[in-house]
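Participant: Per this note's numbering: the sequence shown = residues 181 to 570.
Think of the CB as a built atom: it goes at the ideal place given N, C-alpha and C, for glycine as much as any other residue.
Keep in mind that this is a model prediction, so the values were computed, not measured.
Have a look at this one before I ask anything.
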Amino acid sequence: MKFFFRVIVIGATVFFCCGCAMGGSGSRENASAGGAGDLEGQASGHTWQNAAGMQNDTAAGQDRETARQYVDTAMGTVIQQTVYASEDAASDFFERSKALLTGLEQEELSWRLDTSQVWRVNAAAGSEEGCGVSEELAALLQECLELYGRSGGAFDITLGPLTRLWDIDKWAAGGADDEEGFRPPSAEELEDALRLCGSDRVRIVSPSSEGEETKIFLPEGMQLDLGAVGKGLALSRIGSMLEEGEGISGAVISLGGSILTFGGKPDGSSWKVGIVNPFDTSSNVGILSLEGQWCVSTSGDYERYVEADGVRYHHILDPATGYPAVSKVRGVTVLAKDGLLSDGLSTACFLLGTDRGMKLAEEYDVEVLFVMSDGSIVMSEGMEPYFTKL
Ligand code: ADP
Ligand code: MG
């Protein structure tokens, strides 16, 4: 599989670009001034551009102001990390963030790997003993159940039987035409799968005495799928690592459709995060200008889909019907301080549409922007100061 990476400098403005397919191992580069080129490529959910502030002098004292980039794959998507730091601090960070992501997938979230807690919770579905989980995972599940309630059941992490029936994991990121062998499930298959879903039937039982674990009980046949929040959670954890760590003055981490900004750039200018145009994913509908720590997540019908017999089936499913959600919305971007919120709410708001989605965003105190199927843009009032239309 192909994997490529470019650092491009245009005058004083630096664009980091990544056009990629899955696979391959990570590549590291120092971004240095010099050369010229055009903006090309993008991460799957956003492009981001890093305006000005780059130093090509890496002498001591300026070392921390050098942007260093690491591109790799993690959690089934592309991760592009750029930090302003010394070489040692950057390489230490890249190593630790890689370990964090690998651990998160292998030990906590993956439903495919029998080493993960989610796998064990799923395997214990229907058992009387339930399954003990870490406090972190219990807290994550609790937040997801809360979002299930607040979204009126639209956001549902128990759709595992349904996402497996559709075989969403096999669909190419970015979409595929007439995927070989794809056929939509029958109404009967969907009904059968839907009967196994429903977050209201998940039980989380707190430990009765110290030293015991929180237990999760799923009814028989239910399977968790944390695809809607995994990347956001990963960004939150990386955010904490950056906060606690030393020697990194600024960072932008892009993990599939979610982006984390941290700290600042040497010249004090803001981070620029592009919001992809769902009608032409090689362009942006606008840019968010952000300072300090933020998480930006986008959910859209163009991110992962398959087309068969002229019909497009995308990866955000309506728990009421079992089919991809029918919506006037093509893409939703949520801006939040926390990655779990930005990721979870972008999926939820896609399903809820503008009126209910906007209300939900307000309840959670996050900002939201909808790109509608007629091309119009609808956003919360608090998003306006950050957004520049292109
Ligand atoms: P992406 O992972 O591409 O950024 P999202 O964050 O919107 O996109 O999450 C979509 C994923 O969430 C799907 O691939 C599937 O695993 C899961 N999912 C699909 N429909 C729902 C839903 N209604 N509620 C919760 N999770 C969902
Ligand atoms: Mg999401």
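Less than 7 Å between the beta carbons of L289 and G410, yes or no?
Facilitator: Taking the sequence shown and counting its residues from 1, one reaches residue 289 at position 109. Taking the sequence shown and counting its residues from 1, one reaches residue 410 at position 230. In contact: L289 and G410 (Cβ atoms closer than 7 Å).
Participant: Quick one, are the C-beta atoms of A435 and L404 less than 7 Å apart?
Facilitator: Taking the sequence shown and counting its residues from 1, the one referred to as residue 435 is at position 255. Taking the sequence shown and counting its residues from 1, the one referred to as residue 404 is at position 224. Just to set this straight, residue 435 is Leu in the shown sequence, not Ala. The answer is no: Cβ separation not under 7 Å.
Participant: Whether or not the segment 504-513 and the segment 542-554 are in contact is what I'm after, with contact meaning three or more pairs of Cβ atoms, one per stretch, closer than 8 Å; do they touch?
Facilitator: Taking 8 Å as the limit for Cβ pairs, the verdict is that the segment 504-513 does touch the segment 542-554.
Participant: Keeping to the same chain, check which residues put their C-beta closer than 7 Å to that of P399; ignore five residues upstream and five downstream.
Facilitator: Against the sequence shown, residue 399 aligns to sequence position 219. Once the five neighbours on either side are set aside, the close Cβ partners of P399 are A305, G306, R381.
Participant: Just the C-alpha distance for D349 and G256, rounded to the nearest angstrom, thanks.
Facilitator: The residue you call residue 349 lines up with position 169 of the sequence shown. The residue you call residue 256 lines up with position 76 of the sequence shown. Their Cα atoms are separated by approximately 9 Å.
Participant: Straight-line CA distance for L540 to F274?
Facilitator: Position 360 of the sequence shown, counted from the start, is the residue given in the question as residue 540. Position 94 of the sequence shown, counted from the start, is the residue given in the question as residue 274. Cα to Cα, L540 sits roughly 35 Å from F274.
Participant: Note down the Cα distance separating S526 from E309, rounded to an integer number of angstroms.
Facilitator: Here residue 526 corresponds to residue number 346 of the sequence shown, with the count starting at 1. Here residue 309 corresponds to residue number 129 of the sequence shown, with the count starting at 1. One C-alpha to the other measures close to 34 Å.
Participant: Taking C-beta to C-beta, are A254 and L280 nearer than 7 Å?
Facilitator: As a first step, residue 254 is located in the sequence shown; it is residue number 74 there, counting from the start. As a first step, residue 280 is located in the sequence shown; it is residue number 100 there, counting from the start. Contact flag unset, no.
Participant: Quick one: grab the DSSP three-state call for L398.
Facilitator: Counting from 1 along the sequence shown, the entry for residue 398 is found at position 218. Looking at L398 - three-state DSSP - the assignment turns out to be coil, as it is neither helix nor strand.
Participant: Taking 6 Å as the cut-off, is the CB of S526 close to at least one heavy atom of the ligand MG?
Facilitator: Sequence index remark: in the sequence shown, residue 526 carries index 346 (1-based). Checking the Cβ of S526 against the ligand MG gives yes.
Participant: For M538, which three-state DSSP category applies?
Facilitator: By one-based count along the sequence shown, residue 538 stands at place 358. Reduced to three states, the DSSP call for M538 is helix.
Participant: Could you have a look at M421 and say whether DSSP puts it in helix, strand or coil?
Facilitator: As a working mapping, residue 421 is identified with position 241 in the sequence shown. Helix at M421.
Participant: Which stretch, first to last residue, makes up the beta strand (DSSP E) that contains K569?
Facilitator: For the purposes of this step, residue 569 is identified with residue 389 of the sequence shown, where counting begins at 1. Its beta strand (DSSP E) spans residues 567-569.
Participant: Does the segment 414-433 come close enough to the segment 334-346 to have 3 or more Cβ pairs within less than 8 Å?
Facilitator: Contact between the segment 414-433 and the segment 334-346 is absent, because fewer than three Cβ pairs lie under 8 Å.
Participant: If the criterion is Cβ atoms closer than 7 Å, does the pair G312 and E393 meet it?
Facilitator: Within the sequence shown, the letter at position 132 stands for residue 312. Within the sequence shown, the letter at position 213 stands for residue 393. In contact: G312 and E393 (Cβ atoms closer than 7 Å).
Participant: With DSSP as the reference, label G199 as helix, strand or coil.
Facilitator: On the sequence shown, residue 199 is found 19 positions in, with the first residue counted as 1. Reliability of the predicted coordinates at G199 is poor, the pLDDT of 29 falling under 50, and the value obtained from them is presented with this limitation in mind. Three-state DSSP puts G199 in coil, outside helix and strand.
Participant: What did DSSP end up calling Q322 once you bin it into helix, strand or coil?
Facilitator: Here residue 322 refers to the residue found at position 142 when the sequence shown is read from its first residue. Helix, per DSSP.
Participant: Could you say which of D294, A269, Y503 lies nearest to A373 if we only look at CA atoms?
Facilitator: For the purposes of this step, residue 373 is taken as residue 193 along the sequence shown, with counting starting at 1. Comparing Cα positions, the closest option is Y503.
Participant: Beta-carbon within less than 7 Å of Q276's beta-carbon, same chain only, minus the 5 sequence neighbours each way: which residues are those?
Facilitator: What you label residue 276 is simply residue 96 of the sequence shown in a count that begins at 1. A quick correction: the sequence has Arg, not Gln, at residue 276. For R276, where only same-chain residues beyond five positions count, the Cβ hits under 7 Å are M421.
Participant: Could you check whether V263 and I439 sit closer than 7 Å to each other, using their CB atoms as the reference points?
Facilitator: By one-based count along the sequence shown, residue 439 stands at place 259. By one-based count along the sequence shown, residue 263 stands at place 83. Cβ distance not < 7 Å, so I439 and V263 don't count as in contact.
Participant: Does any heavy atom of the ligand ADP sit closer than 6 Å to the C-beta of H495?
Facilitator: To locate residue 495, count along the sequence shown from 1; it is residue 315. Flag set: Cβ of H495 near the ligand ADP.
Participant: Compare the beta carbon distance of S379 and L320 with 7 Å and say whether it is the shorter of the two.
Facilitator: Translated into the one-based positions of the sequence shown, residue 379 becomes position 199. Translated into the one-based positions of the sequence shown, residue 320 becomes position 140. No, they are not a contact pair.
Participant: Kindly indicate the opening and closing residues of the beta strand (DSSP E) around L515.
Facilitator: The residue given as residue 515 occupies position 335 in the sequence shown. Run containing L515: 509-516, per the beta strand (DSSP E) assignment.
Participant: Can you grab the Cα-Cα spacing for the pair D523 / L327, in whole Å?
Facilitator: Counting from one through the sequence shown, the residue named residue 523 turns up at place 343. Counting from one through the sequence shown, the residue named residue 327 turns up at place 147. So the alpha carbons of these two residues sit roughly 12 Å apart.
Participant: Tell me the rounded alpha-carbon separation between G444 and G555.
Facilitator: Here residue 444 refers to the residue found at position 264 when the sequence shown is read from its first residue. Here residue 555 refers to the residue found at position 375 when the sequence shown is read from its first residue. Approximately 33 Å between the Cα atoms of the pair.
Participant: Out of S271, L515, Q286, E315, which one is the CA nearest neighbour of V385?
Facilitator: The count along the sequence shown starts at 1 and reaches residue 385 at position 205. Ranking S271, L515, Q286, E315 by Cα distance to V385 puts E315 first.
Participant: Pick helix, strand or coil for G217, following the three-state DSSP scheme.
Facilitator: Start at 1 with the first residue of the sequence shown, and residue 217 comes out as number 37. Legend: pLDDT at G217 = 25, less than 50; position of this residue unreliable, value from coordinates given subsequently. Looking at G217 - three-state DSSP - the assignment turns out to be coil, as it is neither helix nor strand.
Participant: So, helix, strand or coil for T282, using DSSP?
Facilitator: As a position in the sequence shown, residue 282 is number 102, starting the count at 1. The answer is helix: DSSP assigns T282 an H, G or I state.
Participant: Looking only at DSSP bridge pairs, what is Y482 linked to?
Facilitator: As a working mapping, residue 482 is identified with position 302 in the sequence shown. Answer is none; Y482 lacks a bridge partner.
Participant: Expressed to the nearest angstrom, what Euclidean distance is found between the alpha-carbon atoms of A269 and E423?
Facilitator: Along the sequence shown, one-based indexing puts residue 269 at 89. Along the sequence shown, one-based indexing puts residue 423 at 243. For A269 and E423, the distance between alpha carbons rounds to 13 Å.
Participant: Output the distance between the C-alpha atoms of A247 and I259, rounded to the nearest integer angstrom.
Facilitator: Position 67 of the sequence shown, counted from the start, is the residue given in the question as residue 247. Position 79 of the sequence shown, counted from the start, is the residue given in the question as residue 259. Cα-Cα distance, rounded: 16 Å.
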